[in-house]
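**Q** Residue numbers (the numbering used here): 69 to 908.
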């Protein structure tokens, strides 16, 4: 974009200067301490399961059981490799995510305004910052228009500071944000050398807060670890007083401790969240905070803007109304001739716009000016004063002057705002308001234009102090997006209420809302009306009304907070500076990637790269899927751990024959085949077909409801019953310990495989879930069967695990029991489906 209307002292660096500066001074990065692979290895060694394996392996070596010791040492290495692989997958996903979330900025290079990543800024660059931007480097101001900045991140003072090149402090600083106006600054410090960068060294010690779900899962694992330690001591004492063999009794106690510790859960959580966020990123959805993934499936209300969210944000100037001409002129009609008054209206509207337009309406006005003006005067005039968009409803004013002293004072904004500061008669006001209603009812967005005359050089504090002449109205048409009707239907089907919160007027918004099938388009409330309501009145209003117009920041924030107080889980879209507080207050703040300001993106927890609201439907579906699959994984872990724990503990506690049926090598093998199941298979599970037809799940402080937890417990207990039944059958048949161990082990492996398939859905049958596309299910099952076959039928391995080869009857019995102990849940699913069908 070429610079217009600025008296900048430089055209910025050229390409060669940029390369030279980067080579000499580096890039705009903060290179703080990063986690190394040594940190990762230390973290793995500190894991409770690794410690248990190390102790068990050491005891085997001390006892002279070298083969067992080597096996457990190998298991430590294998677990470390799996943990490293999962950790690397998560880190790579998050690294890619961070690359997408890196903010952009505008610089002037070769005399042209270009947008680059903030890390690509070099020393000496000309940085262009405007309202809504985060400042990306330290610099000295060389040009500004009514520029103000919030430096609270450095000073703690929340009030905006006005700055220009004549100020005592004419510096801008990285990390601060632009409140109003525009400035061009020469970059003087980058990266760690900036004021924020120097402070940033102290940020290394600050740890990222854990999410509520992460805390719950951590607490659950800690409780299991404490329980495991207590039972470990009990079992150790029982075994010791029975055998008086210190090392052997310690090994048996360690076996139980390993069976209790659910170390797969934290791995599953990290994997699900990181890879889930990465999958969303591939779909054009950037998740900035992991807690957003937890919350997405619970969203009950989504508050959306009109412009750019419902509509295309492709503003075209369709019609104009000049107060002098007293007629509406259709600019799209080829036979329409513009009068001098109408041309003057368009020219003034351009002067009231930003010299470097970025808003679609202002771009359209600049383009229309080029079409109707015989001579382009923009390069001859310099902006000497600016009043940024402000007021309720808002307006903005620009003052330009040329070398001859000719001055242009032009304003545009909401029609009510321009009328309020203009010298219109009562009759003119009535006619203007009628024209506004006519245009708004047709779906046009209407702005008014005013002109003032002021010769002094001491400008009034506010633009409302000028007396304006009302010039006319501009009618922009921004068509609805083609897919928006379908998007709304998806939200409604998913049980999510949709509310429109916009700065536009009621007539325009209602017309567009009606076109797209929005529920509640005929009932609206304005920001002025809303602020007069009491808290109790507002709680009722936000439940009944879905269309809020002429909204301003305080009103938006109040709506969000009131919805939250009504126990709604609120998502909100936004793109402007004024949306920042409400985006931060919402449970799920959603910024637009293209038209969103950096302030909006920083305040939000989620960014839609292409400004496509349909991606939000996908995000909610993904959030529901991730949460559901994580639950399936953890329920699987609980269900399969129960029979392992009880099979190790009950024979010892009840004094059965062969009280120590399993040793650490058996438990670790079961752990190795369970970990991939929960963290690889379930993470890759597709979305269940009824997921987006369900109401949002209740957002509670507890990850599991008692109903879900009890399902896992019952499944685990039934598998235990089947396992111990085979145990007793083997004893009744006078089978030796090795044969009994083999049959009991086979029941658990079979149950593990079937449980993987059954728990893919707690509603649909296994025949349905087998058709789900997840190639990893077959891979993991085949690997498990292959490894089990090696254990049972390769003599050296069979002997090492103290198993025996089974004949056909001995093989089929544990497999059949393992299947039955899991497949019974299919009847529960049938009952669920019948109940659901009868309620419909």
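A virtual CB, placed ideally from N, CA and C, is assigned to each residue, including glycine.
Since we're looking at a predicted model, the values are computed, not measured.
Quick check: is the beta carbon of residue 435 nearer than 8 Å to any beta carbon in chain D?
**A** Checking the listed chains, one finds no chain D in this structure; it contains a single protein chain.
**Q** Would you give the residue range spanned by the alpha helix (DSSP H) that residue 706 belongs to?
**A** Run containing residue 706: 682-721, per the alpha helix (DSSP H) assignment.
**Q** Applying the criterion that 16 or more other CB atoms from any shown protein chain within 10 Å of the CB defines a buried residue, is residue 801 buried or exposed?
**A** Classification for residue 801: exposed.
**Q** Is DSSP giving residue 889 helix, strand or coil here?
**A** Helix at residue 889.
**Q** Pop quiz: residue 552 and residue 674 are said to be a contact at Cβ under 8 Å. What is the actual Cβ separation, rounded to whole angstroms?
**A** With a Cβ gap of about 19 Å, residue 552 and residue 674 do not count as contacting.
**Q** Three-state secondary structure (DSSP) at residue 523?
**A** Coil, per DSSP.
**Q** State the Cα-Cα distance for the pair residue 346 and residue 703, rounded to the nearest angstrom.
**A** The straight-line gap from Cα to Cα measures roughly 24 Å.
**Q** Closer than 8 Å is the cut-off here; do at least three beta carbon pairs connect the stretch 203-211 with the stretch 256-266?
**A** The answer is yes - the stretch 256-266 touches the stretch 203-211, with three or more Cβ pairs under 8 Å.
**Q** Take the Cβ of residue 651 as the centre, count every other Cβ of all protein chains shown within 10 Å, and call the residue buried at 16 or more, exposed below.
**A** The residue in question, residue 651, is buried, as its Cβ has 16 or more Cβ neighbours within 10 Å.
**Q** Is the distance from the Cβ of residue 484 to the Cβ of residue 391 below 8 Å?
**A** No; because the gap between Cβ atoms is not below 8 Å, this pair is not in contact.
**Q** Return the chain-ordered ranges of every alpha helix (DSSP H) run that is complete within the stretch 802-839 and spans a minimum of 4 residues.
**A** Those alpha helix (DSSP H) runs which fall completely within the stretch 802-839 and span 4+ residues are 805-826, 834-837.
**Q** With respect to the alpha helix (DSSP H) encompassing residue 593, which residues constitute its N-terminal and C-terminal limits?
**A** Run containing residue 593: none in the alpha helix (DSSP H); it sits in the beta strand (DSSP E), 592-594.
**Q** Buried or exposed, going by whether 16 or more other CB atoms sit within 10 Å of the CB of residue 853?
**A** It counts as exposed.
**Q** Between 284, 688, 793, which lies nearest to residue 366 when the distance is taken from Cα to Cα?
**A** The shortest Cα separation from residue 366 among 284, 688, 793 belongs to 688.
**Q** Apply the 10 Å Cβ neighbour rule to residue 526 and answer buried if 16 or more other Cβ atoms are within range, or exposed otherwise.
**A** By the 10 Å Cβ count, residue 526 comes out exposed.
**Q** When burial is assigned at 16 or more other CB atoms within 10 Å of the CB, is residue 546 buried or exposed?
**A** Label assigned to residue 546: buried.
**Q** Could you check how far apart the C-beta atoms of residue 370 and residue 566 are, in whole angstroms? I think they sit under 8 Å.
**A** Rounded, the Cβ-Cβ distance is 6 Å, consistent with contact.
**Q** Helix or strand or just coil, what does DSSP make of residue 845?
**A** DSSP places residue 845 in helix when its eight states are reduced to three.
**Q** Judging by CA-CA distance, which residue of 486, 457, 782, 447 is the nearest neighbour of residue 469?
**A** Answer by Cα proximity: 447.
**Q** Within its chain, find whatever has a CB closer than 6 Å to the CB of residue 857; leave out the 5 residues flanking it on each side and keep chain order.
**A** Counting only Cβ-Cβ distances below 6 Å, and skipping sequence neighbours, we find nothing.
**Q** Using 8 Å as the threshold, is the stretch 635-654 in touch with the stretch 592-605, meaning 3 or more CB pairs across them?
**A** Too few Cβ pairs lie closer than 8 Å, so no.
**Q** Work out the CA separation of residue 786 and residue 373 for me, nearest whole Å.
**A** Going by the C-alpha atoms only, they are around 53 Å apart.
**Q** Contact between the stretch 752-760 and the stretch 865-877 is defined here as three or more beta-carbon pairs at a separation below 8 Å; is this criterion met?
**A** No, the stretch 752-760 is not in contact with the stretch 865-877.
**Q** Check whether the stretch 584-602 touches the stretch 506-525, counting contact only when three or more Cβ pairs, one atom from each stretch, lie closer than 8 Å.
**A** Because the criterion of three Cβ pairs below 8 Å is not met, the stretch 584-602 and the stretch 506-525 do not touch.
**Q** What's the gap between the Cα of residue 542 and the Cα of residue 341?
**A** The straight-line gap from Cα to Cα measures roughly 48 Å.
**Q** Taking one C-beta from the stretch 576-586 and one from the stretch 500-515 each time, how about it: are there three or more such pairs within less than 8 Å?
**A** Because the criterion of three Cβ pairs below 8 Å is met, the stretch 576-586 and the stretch 500-515 touch.
**Q** Roughly how many angstroms lie between the CA atoms of residue 500 and residue 237, to the nearest whole one?
**A** Using only the alpha carbons, I get a separation of about 46 Å.
**Q** Note down, one range per segment and in chain order, each beta strand (DSSP E) of at least 3 residues found wholly within the stretch 346-410.
**A** You should have 353-355, 369-372, 384-390, 395-398.
**Q** Which class does residue 451 belong to by DSSP, given the choice of helix, strand or coil?
**A** Three-state DSSP puts residue 451 in a strand.
**Q** Nearest-angstrom Cα distance between residue 584 and residue 678?
**A** In a straight line, the C-alpha of residue 584 is about 20 Å away from that of residue 678.
**Q** Using the three-state DSSP reduction, which class does residue 497 fall into: helix, strand or coil?
**A** Residue 497 falls in the helix class under three-state DSSP.
**Q** Are three or more beta carbon pairs between the stretch 431-442 and the stretch 409-416 nearer than 8 Å?
**A** The stretch 431-442, when compared against the stretch 409-416, does touch it at the 8 Å Cβ threshold.
**Q** Quick one: using the 10 Å Cβ neighbour count with 16 as the cut-off for buried, is residue 882 buried or exposed?
**A** Label assigned to residue 882: buried.
**Q** Quick one: what does DSSP say residue 334 is sitting in, helix, strand or coil?
**A** In this structure, residue 334 counts as helix in the three-state DSSP scheme.
**Q** Helix or strand or just coil, what does DSSP make of residue 218?
**A** Three-state DSSP puts residue 218 in a strand.
**Q** Which term fits residue 212, buried or exposed, when burial requires 16 or more other beta carbons within 10 angstroms of its beta carbon?
**A** By the neighbour-count rule (16 or more Cβ atoms within 10 Å), residue 212 is buried.
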